[in-house]
Structure formats: C-alpha cells, structure tokens
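Count along the sequence shown from 1, then add 167; that gives the number in the numbering used here.
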Amino acid sequence: MGFDKIKRSEDYSAWYNNLVKDADMAEHSAVKGCMVIKPYGYSIWERMQQKLDKMFKDTGHVNAYFPLLIPKSFLSKEADHVEGFAKECAVVTHYRLKNDENGKGVVVDPEAKLEEELIIRPTSETVIWNTYRDWIQSYRDLPLLINQWANVMRWEMRTRLFLRTSEFLWQEGHTAHASREEAEEEAKRMLEVYADFAENFLGVPVIRGVKTANERFAGAVDTYCIEGLMQDGKALQMGTSHFLGQNFAKAFDVKFQSKEGKLDYVWATSWGVSTRLIGALIMAHSDDEGLVLPPNVAPIQVVFVPIYKTDEERVKIVSYLNSLRESLDKYEIRCKVDDRDTFKPGYKFSEWEHKGVPLRVAVGPRDMENHTAELARRDIKQKETVSQDNLVEKIKSLLPEIQQSLFNIAKEYRDSHIHKAETWEEFEKALDENPGFISAHWDGTTETELKIKELTKATIRCIPLNNPQEEGKCILTGKPSKERVLFARAY
168 MGFDKIKRSE
178 DYSAWYNNLV
188 KDADMAEHSA
198 VKGCMVIKPY
208 GYSIWERMQQ
218 KLDKMFKDTG
228 HVNAYFPLLI
238 PKSFLSKEAD
248 HVEGFAKECA
258 VVTHYRLKND
268 ENGKGVVVDP
278 EAKLEEELII
288 RPTSETVIWN
298 TYRDWIQSYR
308 DLPLLINQWA
318 NVMRWEMRTR
328 LFLRTSEFLW
338 QEGHTAHASR
348 EEAEEEAKRM
358 LEVYADFAEN
368 FLGVPVIRGV
378 KTANERFAGA
388 VDTYCIEGLM
398 QDGKALQMGT
408 SHFLGQNFAK
418 AFDVKFQSKE
428 GKLDYVWATS
438 WGVSTRLIGA
448 LIMAHSDDEG
458 LVLPPNVAPI
468 QVVFVPIYKT
478 DEERVKIVSY
488 LNSLRESLDK
498 YEIRCKVDDR
508 DTFKPGYKFS
518 EWEHKGVPLR
528 VAVGPRDMEN
538 HTAELARRDI
548 KQKETVSQDN
558 LVEKIKSLLP
568 EIQQSLFNIA
578 KEYRDSHIHK
588 AETWEEFEKA
598 LDENPGFISA
608 HWDGTTETEL
618 KIKELTKATI
628 RCIPLNNPQE
638 EGKCILTGKP
648 SKERVLFARA
658 Y
C-alpha cells in the first residue's frame with residue numbers, strides 16, 4: 168500500500184483526501200462533482216442504513232420510493248423552497264438523442280424537447296406532497312409516516328468526497344399529521360433518533376439545537392439539527408429535522424377532514440441524513456495512520472492475521488483462526504481471517520490499520536506453542552498477549568470498550584473546544600488560535616449574523632435546545648441579548 172504519511176496538523180484537507188483514497192473507500196468519478204463509493208466505503212454506508220432503518224421502523228415509519236424527476240412547476244409552488252434550491256438544480260430538457268448528420272457523434276435531438284422541464288430531485292418535498300394530496304382525505308389517514316432511501320442531486324462547484332458532492336445518497340423522511348403539536352413532536356423525536364445514532368452507533372458526540380431563520384431549511388418553520396465537531400475545530404452539520412408547518416400542505420392543497428368534520432390543512436415534517444456521515448466518522452475519529460472505525464459501524468470488527476514460514480505452520484494456524492472465527496460468528500461479531508499468501512504480515516498489519524479495523528489478532532508458531540495470541544487495539548494502539556482459552560471472551564468485552572473509548576476521546580476533544588467569548592476580540596482570537604464551538608451572545612438579527620459570517624467565515628451552527636437564558640450583549644453590535652448561540656467555521 169502506498170500510504171503517504173500526511174499529518175492532520177500539517178494539512179488537514181490533504182490528510183482527509185489521502186485517507187479516503189488509501190482506505191479504499193471512494194474515488195472521484197468521470198462525472199464532474201460525483202464520486203464512486205467503493206465496496207469498503209459502501210459497506211460502511213450499509214451498516215449505517217441497517218441501523219437507521221431499524222430505528223425508523225421502531226418509531227412507526229415505513230419505506231416507500233418516489234420519482235427521481237420532478238416537474239419544474241412543482242418547485243415553484245412553495246416560494247421559499249424554490250428560492251433555496253434554484254441555484255443547485257440540474258434540469259432535464261430533452262428525452263432523446265440522435266446521431267449527428269455531419270458525423271460529429273451523438274447530439275440532443277431538438278425535436279425531442281420536453282413540454283415541461285424536469286428537475287433531478289435536490290430533495291423530494293414537492294413530488295411527495297403532490298402525491299400525499301391523493302393519499303390523505305380524513306384524520307383516519309393520519310399520521311402518515313414515510314421514509315425513502317434515495318439519491319439526490321445538488322449541483323456543487325467545489326466538492327470533497329463524502330462531505331460535499333453533486334450527487335449523494337441519503338434517506339429523507341416525510342410525515343403528515345393532524346395537529347401542529349404532533350408534527351413538532353415528530354420533528355423533535357427524529358432529531359433525537361439522529362442524536363442517538365450519532366453518539367451510540369458512530370461514537371460522535373453531537374449538540375442538539377435549532378437553526379436560525381437564515382440557516383433553516385427552505386420552506387421550513389423550524390429546522391432542528393445535530394452538530395458535530397471535527398478534529399480540525401470545524402463544525403459539521405450531521406443531520407436535520409424540519410417542522411414544515413402547513414406550508415407544503417397549502418402549496419399542494421393537502422387537506423383532511425377532522426373528527427369534528429372540519430376541513431383543514433395537514434401539518435408536516437421532513438428529516439434526513441446522508442453519506443456525509445461517513446465524512447463525519449472519518450474526521451471525528453481517524454489519526455495520522457489512517458481510518459479509525461468504532462466497532463458498531465466497522466464492516467470488519469476483528470481481523471486475524473496468521474504468521475508462518477512453512478506450509479505446515481500455515482495450515483495449522485489458519486485452521487485454528489477459522490475455528491475461532493466460527494466461535495465469534497455465534498455472537499454476530501464480524502471477523503475476517505486474512506490468509507492471503509501473496510502478502511507478508513507487515514503489509515497486512517498496515518493495510519488493516521489504514522482501514523480502521525478495531526481489533527487485530529496475530530497468531531504465529533510460538534503463539535500456538537504457548538497457547539497465546541497477540542491483540543492490537545486500533546483506538547489506542549495498544550498490544551497485549553492473551554491466552555487462547557480467554558480469547559473469545561476477551562474480544563467480546565473489548566469491542567464495546569473500544570466503542571466507548573472512541574466516543575469518550577471525541578467528547579473530550581469537543582468539550583475542550585467549546586469556548587465562551589464576551590467581546591469581538593475574544594471571538595476572533597478563539598476562531599484563529601483555538602478553533603471549535605464559540606458560545607457567544609448575538610442580537611438576534613439576520614443582518615448581524617451575515618456580517619459576522621462575512622468578517623470571519625463563522626456561522627451560527629445552532630441555538631442549543633434547552634438553552635439557558637442570560638442577559639448579555641451581542642459580540643458585534645453590543646445590543647442586548649438574552650441567550651448565547653454556538654458559532655463555528657464549518658464544512
């Protein structure tokens with residue numbers, strides 16, 4: 168493997184790009200702005216999908232699928248929505264190609280122009296709410312709790328694998344409710360599902376909050392979010408849940424008859440996370456040696472590497488490791504015996520370290536004689552010799568320990584990078600010298616919010632939920648403020 172040792176401290180962006188390539192997770196495609204997710208990277212996404220899908224179904228949601236293409240007229244029905252996405256839309260204008268008469272290859276057939284252009288979905292609220300109009304007539308049809316796993320297209324000029332690409336994979340939930348209270352409860356419940364998933368499955372601590380009016384989703388009344396902090400001190404929005412009010416129901420005339428016989432518009436939510444979570448996973452845990460994966464999400468939790476010189480030793484050790492793998496299979500622990508005879512153990516050690524496998528077990532002839540094995544933890548780079556008699560129990564106990572260890576390390580970093588700023592000078596100093604979340608007062612105006620962004624490139628990541636109220640002065644204008652908000656530079 169040609170792993171170039173690029174340190175996070177020297178060039179974080181190059182370190183990230185190199186890690187994605189070297190861990191064999193993804194690569195840039197022939198289509199500008201789009202990526203190829205390679206099998207190892209996709210297996211991580213599959214693990215995320217499986218866990219989230221169960222969490223959604225456990226909260227009463229079901230999966231469906233809606234069209235990739237959206238009539239342009241649908242987007243114009245909700246004014247804020249079209250304004251928010253207009254600059255990111257890819258448009259389909261024709262439905263046929265033909266060979267050029269002058270021999271210049273394949274060209275668009277000018278006779279095949281669509282009567283109405285189609286938009287490749289940047290998100291699916293419009294096409295889904297147009298559909299819901301036929302599905303909802305009565306309170307008996309509510310709540311409607313639908314999720315879809317899909318791809319979307321948002322045209323990007325500057326891309327980075329997983330974090331920001333023109334096409335990406337995600338899930339989007341779209342629910343309809345009989346009351347405002349029920350819809351708001353749903354939006355908050357799904358935010359908590361995301362937070363639970365981020366912290367307990369991905370091992371990434373998050374701050375739950377609500378976006379400012381300027382940062383909320385186009386067409387939403389409120390946008391709730393979970394914000395993580397990456398190891399370079401930049402924030403990453405890891406998931407959002409939107410209370411849409413009756414905006415889309417009114418735009419698409421989705422009404423229901425209440426128990427009292429009254430006709431009213433339904434109340435809506437939408438919520439989503441994407442393959443951006445893989446970027447979060449990388450940047451929250453990985454190190455200068457490569458990828459670091461929490462056991463819950465790792466496609467391979469334990470890799471066994473046999474060490475031998477003779478064919479006889481190879482057969483004996485590989486046989487033992489396969490029996491060990493079978494023992495762990497009973498506990499649904501994902502293991503791999505790396506019995507490739509085309510690579511030496513040192514190469515294998517390096518490869519699995521780069522790929523972030525949580526536990527490596529090496530067994531050689533001397534280990535077989537002594538009835539031992541060498542365990543190497545990826546999280547703290549610690550090795551120990553363990554009796555083969557206790558090996559299965561040791562592995563079973565170590566995996567949750569590594570999961571918790573990675574969360575604790577990330578949380579300690581996050582907590583030590585939340586700073587309070589009382590003045591503009593303190594704010595700028597914290598951003599430049601010790602980046603992270605900055606808790607500061609803001610006067611509540613979009614004008615001030617945008618000015619701070621212009622001056623520093625820092626944005627208000629969220630107003631934390633259950634935010635304590637306190638009197639203060641805005642760091643920029645000095646105007647009165649009743650609560651702090653969290654600022655950061657962000658991806």
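Backbone N, C-alpha and C define an ideal beta-carbon position, used for all residues, glycine too.
Please read all numbers here as calculations on a predicted model, not as lab measurements.
Mark Pro277 as exposed unless 16 or more other C-beta atoms lie within 10 angstroms of its C-beta, in which case mark it buried. Burial is judged here by how many other beta carbons sit within 10 angstroms of a residue's own beta carbon; Pro277 has fewer than 16 and is exposed.
Which word fits Ile547, buried or exposed, when buried means at least 16 other C-beta atoms lie within 10 angstroms of its C-beta? exposed
Taking three-plus beta-carbon pairs below 8 Å as touching, is the stretch 466-473 in contact with the stretch 513-529? yes
With distances taken from CA atoms, which of Phe335, Lys188 and Cys641 is nearest Arg321? Here the closest residue by C-alpha is Phe335.
Note down the Cα distance separating Ile619 from Tyr179, rounded to an integer number of angstroms. 25 Å
Kindly indicate which residue of Asn185, Ala597, Met222 and Gly439 has the alpha-carbon position closest to the one of Gly400. Ala597
Candidates Val530, Val528 and Phe364: closest to Met215 by CA position: Looking at the Cα atoms, Phe364 is the closest of the given residues.
Please check the pair Val528 and Ile484, which I expect to be a contact at CB under 8 Å, by giving their CB distance rounded to whole angstroms. Contact flag wrong, Cβ pair sits at about 11 Å.
Which listed residue (Glu579, Tyr299 and Leu495) has its alpha carbon closest to that of Lys417: Tyr299
So, is Glu394 buried or exposed, given that buried needs 16 or more other C-beta atoms within 10 angstroms? buried
Leaving out five residues on either side along the sequence, give the residues of the same chain with a beta carbon under 7 Å from the beta carbon of Ser240. Contacts found: Glu283.
Own chain residues within Cβ distance below 6 Å of Phe223, not counting five before or after: Excluding residues within five positions, the ones whose Cβ falls inside 6 Å are Asn314.
Cβ separation of Leu330 and Arg175, assumed to be a contact under 8 Å, to the nearest whole Å: That pair is no contact at about 15 Å.
To the nearest angstrom, how far is it from the Cα of Gly639 to the Cα of Pro647? 6 Å
Between the C-alpha atoms of His228 and Leu312, what's the straight-line distance to the nearest angstrom? C-alpha of His228 to C-alpha of Leu312: approximately 5 Å in a straight line.
From Leu573 to Leu448, what distance separates their C-alpha atoms? 11 Å
For Phe419, which option in Tyr207, Ala435 and Thr590 has the closest C-alpha, if you only look at C-alpha atoms? Ala435
Cα-Cα separation between Glu177 and Val482, rounded to whole angstroms: 45 Å
With Leu242 and Phe252 assumed to form a contact (beta carbons below 8 Å), what rounded beta-carbon distance in angstroms separates them? 7 Å
Assigned exposure category for Trp302 - 16 Cβ within 10 Å defines buried: exposed
Classify Tyr183 as buried or exposed, calling it buried when 16 or more other Cβ atoms lie within 10 Å of its own Cβ. buried
The beta strand (DSSP E) that contains Ala266, what's its start and end? Note that residue 266 corresponds to Asn in the displayed sequence, not to Ala. Start and end: Leu264 to Asn266.
Buried versus exposed, by CB contacts within 10 Å (16 or more), Ile642: buried
In the DSSP assignment, find the alpha helix (DSSP H) that holds Pro206 and state where it starts and stops. Pro206 to Asp225
How should Tyr498 be labelled, buried or exposed, when 16 other C-beta atoms within 10 angstroms of its C-beta is the threshold for buried? exposed
Give the range of the alpha helix (DSSP H) segment to which Glu250 is assigned. Note, Glu250: alpha helix (DSSP H), Ala246 to Phe252.
Does the stretch 287-299 come close enough to the stretch 244-259 that 3 or more CB-CB pairs lie under 8 Å? yes
Check each candidate in Ala380, Ser437 and Arg581 and name the one with the smallest Cα separation from Glu351. Ser437
Compare the Cα-Cα distances from Lys355 to each of Arg307, Lys188 and His409 and report the closest residue. His409
Residue interval of the alpha helix (DSSP H) (run including Lys378): Here Lys378 belongs to no alpha helix (DSSP H), and DSSP marks it neither H nor E.
Rounded separation between Tyr391 and Asn634 - CA only: 13 Å
For Lys515 and Val472, I'd like the C-alpha separation in whole angstroms. 7 Å
When the Cβ atoms of the stretch 338-350 are set against those of the stretch 566-585, are three or more pairs found closer than 8 Å? Taking 8 Å as the limit for Cβ pairs, the verdict is that the stretch 566-585 does not touch the stretch 338-350.
Hey, Ala451 and Gln398 are a contact pair by Cβ (cut 8 Å); roughly how many whole angstroms apart? Correct: roughly 7 Å between the Cβ atoms.
Rounded separation between Trp609 and Glu593 - CA only: Approximately 14 Å between the Cα atoms of the pair.
Between the Cα of Asp407 and the Cα atoms of Val373, Leu358 and Leu396, which residue gives the shortest distance? According to the sequence as given, residue 407 is Thr; it is not Asp. It is Leu358.
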